[in-house]
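Okay, structure first, notes after.
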Amino acid sequence: MKVLYVAGREATYSRTRNVIQALRHQGIEVVPVLPPDKAFGNYPRLLWQTLLKAPQCDAVLVGFYGQLLVPFVRLLTWKPIVFDLYIGTYETMVFDRQKAKPGSFMAKVYAVADWLSYKMSSASILDSQYMIGHFCQIIRSSTSKMHRIFLALDDSVIHPRESDQPHDGLLVHFHGEFSPFHGVRVILDAAKLLEDEGVNFQIVGKGITYAENMQHARDIGLRNVRFIDSVPYAELAVLMARADVCLGIFGDNARAKLVLTNKVVEAIGMAKPIITRRNEPVHELLTHRESVYLVDPASPRALADAILELKNQPELRHSIARKGYEVFQANCTLPQLGKGLEQVIRNVLRRA
């Protein structure tokens with residue numbers, strides 16, 4: 372089987388890299404059509420390359436960010452299209468970044484972009500049944516063309532390892548792009564509650580809410596948090612290996628209710644105990660106090676109490692880490708992603 376893979380993100384972007392590796396692991400020949408960076412100005416060239424290369428392929432897989440690509444790809448080829456949806460435009464722009472209010476003209480534009488990409492593709496992929504149901508409710512379509520494949524990671528980078536950098540007390544790790552749904556302020560307030568409890572934090576990355584969160588950290592006089600600029604993925608794994616506990620998301624906006632997030636999967640892939648907010652997508656993969664520790668959203672006190680419990684109960688901490696890693700091995704490796712993608716692609720080819 373030969374698959375054209377066209378995506379709006381570059382070859383080094385984690386989802387792009389993982390999908391290509393997963394397909395090749397299944398013995399599928401991948402013809403990549405990728406931009407040098409995430410700029411929308413690259414899209415005309417991507418579409419031209421699609422026009423040239425699609426006839427030699429059996430199917431087209433459109434990756435992230437593909438809502439603006441799928442309708443044009445459909446005009447250029449009648450090969451079956453599988454859309455790795457990954458995340459909805461509507462959820463991101465309306466719920467999280469608040470670029471438009473629900474019901475507004477721009478919100479409808481974002482919803483139409485999602486709807487068109489769904490209608491123009493032969494099958495679409497999301498990472499939870501809950502998100503599939505929500506997405507299809509937003510675009511008022513059936514779920515018949517939607518398929519759940521859990522998030523997956525490259526375990527040649529994300530894997531359990533010993534750290535050669537010892538530390539005192541309990542070290543808690545978070546990384547991300549400071550999106551509103553991450554709830555970084557909740558983490559900072561929880562850190563303040565734990566200043567005298569022998570708990571230290573390392574927070575890696577920068578992004579949308581970085582400036583306001585740094586100001587908040589100064590305002591409350593945090594002493595037990597180390598802020599680290601964004602680092603390459605391999606170095607991020609080294610930083611995670613140092614930690615005793617990893618953190619997911621804690622925001623309380625609508626998007627935070629819909630996502631599992633790479634942070635959670637990365638933690639279980641490193642065999643680290645993970646604390647994150649409870650929502651339905653997490654429940655589809657992990658179980659509270661068995662393979663994850665779940666807390667109420669937007670609650671620094673709940674997060675601080677969870678961290679203290681794992682600090683004081685190392686056997687629970689290690690058990691959650693071990694069971695989480697077992698879930699990762701069963702559901703979130705690149706071979707698992709490859710098998711899921713291959714099955715979806717073969718199904719649409721049979722229907723075609």
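Counted the way the numbering used here counts, the sequence shown spans residues 372 to 723.
Heads up, the beta-carbon is just placed ideally off N, CA and C, and yes, glycines get one too.
Predicted model, so just to flag it, every value in this text is computed and none were measured.
Residues bridged to residue i [DSSP beta-bridge criterion]
{"i": "His505", "result": "In the DSSP output, where bridge partners are listed per residue, His505 has none listed."}
{"i": "Gln573", "result": "His544 and Arg597"}
{"i": "Thr704", "result": "Leu524"}
{"i": "Lys373", "result": "Glu400"}
{"i": "Leu497", "result": "Arg519"}
{"i": "Leu618", "result": "Ile646"}
{"i": "Ile452", "result": "Val431"}
{"i": "His659", "result": "Val663"}
Close Cβ partners of residue i (< 8 Å) along its chain, the five nearest in sequence each way excluded
{"i": "Met585", "result": "Phe598"}
{"i": "Ala614", "result": "Leu542, Val543, His544, Gln573 and Lys643"}
{"i": "Asp667", "result": "Arg648, Arg649 and Ala673"}
{"i": "Ala588", "result": "Leu559, Val596 and Phe598"}
{"i": "Pro442", "result": "Leu487, Ser488 and Met491"}
{"i": "Ile691", "result": "Pro644, Ile645, Arg660, Glu661, Ser662, Val663, Tyr664 and Leu681"}
Within 7 Å, strictly: CB atoms of residue i and residue j
{"i": "Asp429", "j": "Lys516", "result": "no"}
{"i": "His505", "j": "Val715", "result": "no"}
{"i": "Phe466", "j": "Arg649", "result": "no"}
{"i": "Gly709", "j": "Leu394", "result": "yes"}
{"i": "Asn624", "j": "Pro551", "result": "yes"}
{"i": "Asp485", "j": "Gly459", "result": "yes"}
{"i": "Val404", "j": "Val377", "result": "yes"}
{"i": "Thr383", "j": "Asp526", "result": "no"}
{"i": "Leu522", "j": "Leu631", "result": "yes"}
{"i": "Leu629", "j": "Glu462", "result": "yes"}
{"i": "His396", "j": "Pro671", "result": "no"}
{"i": "Asn538", "j": "Gly547", "result": "At residue 538 the sequence reads His, which differs from the Asn that was named. It is not a contact, given that the beta carbons lie outside the stated cut-off."}
{"i": "Ala612", "j": "Ser534", "result": "yes"}
{"i": "Tyr635", "j": "Ile645", "result": "It should be noted that the sequence gives Val, not Tyr, for residue 635. It is a contact, given that the beta carbons lie within the stated cut-off."}
{"i": "Leu593", "j": "Ala675", "result": "no"}
{"i": "Phe435", "j": "Arg380", "result": "yes"}
{"i": "Ala425", "j": "Leu456", "result": "no"}
{"i": "Glu661", "j": "Lys694", "result": "yes"}
{"i": "Val719", "j": "Ser513", "result": "no"}
{"i": "Lys563", "j": "Ser601", "result": "no"}
{"i": "Ile391", "j": "Val402", "result": "no"}
N- and C-terminal bounds of the alpha helix (DSSP H) containing residue i
{"i": "Phe443", "result": "Val441 to Leu447"}
{"i": "Ala430", "result": "From DSSP, Ala430 is part of no alpha helix (DSSP H) but of the beta strand (DSSP E) over Ala430 to Val433."}
{"i": "Arg672", "result": "Pro671 to Asn683"}
{"i": "Lys634", "result": "Asn633 to Gly640"}
{"i": "Ile558", "result": "Val555 to Leu564"}
{"i": "His530", "result": "Counting along the chain, His530 falls outside any alpha helix (DSSP H), and DSSP gives it neither H nor E."}
{"i": "Thr421", "result": "Tyr414 to Lys424"}
{"i": "Met611", "result": "Tyr604 to Arg613"}
{"i": "Arg589", "result": "Tyr581 to Asp590"}
Inter-residue CB distance, residue i and residue j (contact presumed, cutoff 8 Å)
{"i": "Gly725", "j": "Ile520", "result": "No answer is possible for residue 725: the residues shown for the chain start at 372 and end at 723."}
{"i": "Phe549", "j": "Tyr581", "result": "5 Å"}
{"i": "Glu637", "j": "Leu524", "result": "6 Å"}
{"i": "Leu447", "j": "Leu417", "result": "Not confirmed; about 11 Å, so no contact."}
{"i": "Val698", "j": "Leu657", "result": "6 Å"}
{"i": "Phe454", "j": "Ile496", "result": "7 Å"}
{"i": "Tyr604", "j": "Ser385", "result": "7 Å"}
First and last residue of the uninterrupted beta strand (DSSP E) at residue i
{"i": "Leu665", "result": "Tyr664 to Val666"}
{"i": "Phe476", "result": "It is not in any beta strand (DSSP E) - Phe476 instead sits in the alpha helix (DSSP H) that spans Phe476 to Met491."}
Sequence-distant residues of the same chain with beta carbon closer than 7 Å to residue i, five excluded per side
{"i": "Glu568", "result": "Leu679"}
{"i": "Gln684", "result": "none"}
{"i": "Leu681", "result": "Val616, Pro644, Tyr664, Leu687 and Arg688"}
{"i": "Leu607", "result": "His546 and Val575"}
{"i": "Ala410", "result": "none"}
{"i": "Tyr481", "result": "Thr460, Tyr461, Met464, Val465 and Ala471"}
{"i": "Arg556", "result": "Asn584 and His587"}
{"i": "Gln438", "result": "Thr460, Ala484, Asp485 and Ser488"}
{"i": "Asn389", "result": "Ala523, Leu524, Asp525, Leu705 and Leu708"}
Cutoff 6 Å; reference residue i; Cβ partners in own chain excluding five residues on either side
{"i": "Leu665", "result": "Arg649 and His659"}
{"i": "Met477", "result": "Ala471"}
{"i": "Ala723", "result": "Pro451"}
Residue i at chain C interface by Cβ criterion, 7 Å
{"i": "Glu566", "result": "Among the chains in the structure shown there is no chain C, since it carries only a single protein chain."}
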